[in-house]
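There are 2 protein chains.
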Amino acid sequence: MARPTIADIATRAGVSKGAVSFALNGRPGVSDATRERILKIAEQMSWRPHSAARALGAARVDSVGMVIARPARTLGVEPFFAHLLSGVQSGLSAESISLQLLIVEDTAAEIEVYRRWASEHRVDGVILVDLTVKDPRVEELKALELPAVVIGGRGGKGALSSVWADDRDAMLSIVEYLAALGHRRIAHVAGTPNFQHTQRRIRAVRDAAPRLGLLEAPSLTTDFSDSEGAAITRKLLSQPDRPTAIVYDSDVMAVAGLGVAMEMGVTVPGDLSIVAFDDSILTQLMHPALTALSRDTFDFGRQAAEVLLQTIADPGTVVNRRTANPVLTVRESTAPPA
Amino acid sequence: MARPTIADIATRAGVSKGAVSFALNGRPGVSDATRERILKIAEQMSWRPHSAARALGAARVDSVGMVIARPARTLGVEPFFAHLLSGVQSGLSAESISLQLLIVEDTAAEIEVYRRWASEHRVDGVILVDLTVKDPRVEELKALELPAVVIGGRGGKGALSSVWADDRDAMLSIVEYLAALGHRRIAHVAGTPNFQHTQRRIRAVRDAAPRLGLLEAPSLTTDFSDSEGAAITRKLLSQPDRPTAIVYDSDVMAVAGLGVAMEMGVTVPGDLSIVAFDDSILTQLMHPALTALSRDTFDFGRQAAEVLLQTIADPGTVVNRRTANPVLTVRESTAPPA
DNA sequence: TGGATTTGATAAACCGGTATAGCTCCCGAA
DNA sequence: TTCGGGAGCTATACCGGTTTATCAAATCCA
């Protein structure tokens, strides 16, 4: 027989559909003896709930969504997303909730997806990444009343739940380390200026500079691509008073920067120290291996899932959870200046 | 008012639910005038179908699934998956079908997911990757009667639909190119031996060796990790008659191999030519940039989606589609031997 | 002991669509 | 003039669960 339904179980157990439903969901209304009997029969018939039928009862769909808005070609180099995804899933699988993943071209398309998901009842909540300054998605999700959690940034004034790491603190730890090594000319090759975390990192560098006695500490924004990372590095290293250390906002840009240094005959870490804000296998494969900030991205995802489930369970609450601070993994690309 | 239903539309249009359903699905049963009126009202009320309600009618769920069975930590370095995913989605979005993505630890867990999906009616079909020799998933999916398409390998004797590229041909083009440059000692650092494509590539090397007059052409299997790639390279380069060219089955291993060569004072491409079977930003960031086999992974995914939709529409058919041949992108890591 | 409450279970409504049997017109052919 | 038949639409059952109103029997308490 194909796919047993609760009606089949009811017939076999000699009870009503309702009783079976109560038994299977662990709610009161049946005696322990009956419950046990029903559960055993369900087990025997290897019954599984029909997800659509469940979802129809205006209840949850047991599915959450995640949209990544990036042009396809810039995606996938960073292990960041893969680890984040694994983490999110490990957080969800405990409750056997599934994840819908979508990759779209831009934020407009992303919002369109949220509207569709909301109106079609496809997900119970969503996870947001790459939060920008004045992000339009926050307002939209509030309007749609779709539970959401923001990763890596606070969701506006108590608007959405969030899971975030202290970028400021992390950046300070990098700059302080470089200053302690003796560097006085430090450059910061940042990411897209409209990302919230980019702003926070830039501010951290600017605020710390005077205190650490830095002569120079410019932050230069890019589109996160390897080519812009390389171009900016070329420009920095061509200056008469070139920096003795560069901090890159991503591992890909750091690797590109290392390539430029080698091509220009600038030795690393002799003439130039390099630090990547993101760690991955990339930074470890280099020669010299790059000093990088390591974050537990997997755990990040896991916590996001947890917070989202809380928010779904009680749509009123807004949770802002701060995760463990990232740590600086020192490798071969940093040393005192010549 | 929250979420209009077809009943609301029916009331407003002064017709029955059935008529509305006919009109919205473009099937006969209503006059053109009525249809037009209903469509306009639906548009005004911004009606969207409730996916669960649709799915309940024993029909399709408009959702397909994809499970990637890899330990979280080895995942995400290769842009391969990200591009594949984007491609799959672009193929699906035309029909506004959503994608469920799951990352699990091993094949056992993967099969468990298929069972759950099938019994809970969560997906209409699935996409398989990383096909192994005697893959247990093929049998399982046949048993579950879940439409499926295999990416990168044939699905057994007409068992499942598939989309594949000619690995043999691709490998031949690499080896022939190296032979033409004058290389006679070529090593092949392969992936996991139980993958079908690994087997095909190994066979291609073995078959071509005599014809091309190669003195030596060993294929050495690994677990695809950078560390094993490095270890094997170290061993190869320590031999008295070391190879003058190495072909790596993945970009990550090729990069690791390049690192080993540099660390051992073996110049690339002077003393050693390196070719990666997979292209990505990684290979381009290196110095020297690596010669690599470029595949249109995005298109691969798109075609897989297409074939899957065909298979879902008509569960009887088995489509085996061969995609465009990959091309060798020559960069700086290959040259005639010294 | 009798009325009030609790327990264990049932029948039926409901969620939002789809599918189908059947009804009413209206037209054309015999 | 009657009958067949198709177009256009309605009413209703159905999909597989959840939930609620209802009810009988058991239990409790004064």
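For the record, the sequence lines run as chains A and B.
So for the first sequence, our numbering puts the first residue at 1118; every next one is plus one.
So for the second sequence, our numbering puts the first residue at 1118; every next one is plus one.
Positions of the beta carbon are idealized from the N, C-alpha and C atoms, including for glycine.
Between residue i and residue j, is the Cβ-Cβ spacing less than 8 Å?
i                      : j                      : result
residue 1486 (chain B) : residue 1320 (chain B) : Lying before the first or after the last residue shown, residue 1486 (chain B) is absent from chain B, which here runs from 1118 to 1455.
residue 1354 (chain A) : residue 1322 (chain A) : no
residue 1129 (chain B) : residue 1140 (chain B) : no
residue 1335 (chain A) : residue 1373 (chain A) : no
residue 1339 (chain A) : residue 1345 (chain A) : yes
residue 1446 (chain B) : residue 1409 (chain B) : yes
residue 1178 (chain A) : residue 1172 (chain A) : yes
residue 1419 (chain B) : residue 1204 (chain B) : yes
residue 1285 (chain B) : residue 1317 (chain B) : yes
residue 1155 (chain A) : residue 1264 (chain A) : no
residue 1254 (chain A) : residue 1220 (chain A) : no
residue 1406 (chain B) : residue 1448 (chain B) : yes
residue 1349 (chain B) : residue 1306 (chain B) : yes
residue 1249 (chain B) : residue 1341 (chain B) : no
residue 1396 (chain A) : residue 1368 (chain A) : yes
residue 1266 (chain A) : residue 1246 (chain A) : no
residue 1292 (chain A) : residue 1260 (chain A) : no
Let me make sure I understand the geometry here. Which of the options has the alpha-carbon closest to that of residue i?
i                      : options                           : result
residue 1241 (chain A) : A:1156, A:1183, A:1148 and A:1145 : A:1183
residue 1398 (chain B) : B:1197, B:1424, B:1251 and B:1203 : B:1197
residue 1432 (chain B) : B:1370, B:1411 and B:1276         : B:1276
residue 1294 (chain B) : B:1362, B:1256 and B:1350         : B:1362
residue 1442 (chain B) : B:1126, B:1289 and B:1138         : B:1289
residue 1394 (chain A) : A:1251, A:1366 and A:1226         : A:1366
residue 1450 (chain B) : B:1310, B:1371, B:1381 and B:1125 : B:1371
residue 1364 (chain A) : A:1287, A:1435 and A:1245         : A:1287
residue 1163 (chain A) : A:1280, A:1120 and A:1127         : A:1120
residue 1425 (chain B) : B:1282, B:1315 and B:1278         : B:1278
residue 1188 (chain B) : A:1122, A:1404 and A:1415         : A:1415
residue 1185 (chain A) : A:1158, A:1226 and A:1168         : A:1226
residue 1122 (chain A) : A:1434, A:1297 and A:1159         : A:1159
Could you tell me whether the Cβ of residue i comes closer than 8 Å to any Cβ of chain B?
i                      : result
residue 1126 (chain A) : no
residue 1420 (chain A) : no
residue 1447 (chain A) : no
residue 1393 (chain A) : no
residue 1331 (chain A) : no
residue 1094 (chain A) : Because chain A spans 1118 through 1455 in this model, residue 1094 (chain A) falls outside it and cannot be assessed.
residue 1366 (chain A) : no
residue 1354 (chain A) : no
residue 1431 (chain A) : no
residue 1123 (chain A) : no
residue 1385 (chain A) : no
residue 1162 (chain A) : no
residue 1158 (chain A) : no
residue 1444 (chain A) : no
Quick one: using the 10 Å Cβ neighbour count with 16 as the cut-off for buried, is residue i buried or exposed?
i                      : result
residue 1237 (chain A) : buried
residue 1400 (chain A) : buried
residue 1402 (chain B) : buried
residue 1379 (chain A) : exposed
residue 1302 (chain A) : buried
residue 1243 (chain A) : buried
residue 1180 (chain B) : buried
residue 1223 (chain A) : exposed
residue 1299 (chain A) : exposed
residue 1356 (chain A) : exposed
residue 1360 (chain B) : buried
residue 1149 (chain A) : exposed
residue 1308 (chain A) : buried
Do we get a CB-CB distance below 8 Å when we pair residue i with the residues of chain A?
i                      : result
residue 1146 (chain B) : no
residue 1254 (chain B) : no
residue 1239 (chain B) : yes
residue 1398 (chain B) : yes
residue 1247 (chain B) : no
residue 1349 (chain B) : no
residue 1380 (chain B) : yes
residue 1099 (chain B) : Look at the range of chain B in this structure, 1118 to 1455, and you will see that residue 1099 (chain B) is not part of it.
residue 1233 (chain B) : yes
Does at least one heavy atom of the ligand GDP sit under 7 Å from the Cβ of residue i?
i                      : result
residue 1323 (chain A) : The ligand GDP is not among the ligands present in this structure, which contains no ligands whatsoever.
Practice prompt. For the segment 1141-1151 of chain B and the segment 1210-1228 of chain A, state whether three or more C-beta atom pairs, one from each stretch, are separated by less than 8 Å.
Written response: Counting Cβ pairs under 8 Å, fewer than three are found: no touch.
*Is the segment 1200-1211 of chain A touching the segment 1224-1235 of chain A in the sense that three or more CB pairs, one from each, lie closer than 8 Å?*
No: the two stretches stay apart, fewer than three of their Cβ pairs being nearer than 8 Å.
- Query: Does the segment 1421-1435 of chain B come close enough to the segment 1377-1396 of chain B that 3 or more CB-CB pairs lie under 8 Å?
  - Reply: As far as the Cβ criterion goes, the segment 1377-1396 of chain B does not touch the segment 1421-1435 of chain B, which means the pair count is below three.
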